[in-house]
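J.:
If you want it as structure tokens, here you go:
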């Protein structure tokens, strides 16, 4: 299911749709966390910043969860920049 959420979000962005709201951002960030897709998560974060919306607590918590799930494990050997 998380892969479908990421795919759907990608299709929305590809066609230039601006129907994303805080709930759709939160859902796709959760999917990124579950699938460990840090690059997609960073792109979503960038879209949020560029959209001009003020992130709600839901989106902020989803961002923290995504970054902690994909980046903050020291055992994975990757070098991630913290936000």
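Residue numbers (my numbering): 127 to 209. Every residue, glycine too, gets a C-beta built ideally from N, C-alpha and C. Note that the structure is predicted; figures quoted are calculated from it, not measured.
1. Which runs of the alpha helix (DSSP H), 4 residues or longer, sit entirely within the segment 142-207?
2. Express the C-alpha separation of residue 180 and residue 134 in angstroms, rounding to a whole number.
3. Please tell me whether residue 151 and residue 174 are closer than 8 Å, where the distance is taken between their beta carbons.
4. Ordered along the chain, which non-local residues of its own chain (more than five positions away) have a Cβ less than 6 Å from that of residue 161?
5. CB residue 146 to CB residue 155, shorter than 8 Å?
T.: Let me lay it out:
1. 148-161, 164-177 and 183-196
2. Translated into the one-based positions of the chain shown, residue 134 becomes position 8. Translated into the one-based positions of the chain shown, residue 180 becomes position 54. Approximately 23 Å between the Cα atoms of the pair.
3. Walking along the chain shown from the start, residue 151 turns up at place 25. Walking along the chain shown from the start, residue 174 turns up at place 48. Yes, they are a contact pair.
4. For the purposes of this step, residue 161 is taken as the residue at position 35 of the chain shown. Result list for residue 161: 128, in chain order.
5. To locate residue 146, count along the chain shown from 1; it is residue 20. To locate residue 155, count along the chain shown from 1; it is residue 29. Their beta carbons are not under 8 Å apart, which means residue 146 does not touch residue 155 by this criterion.
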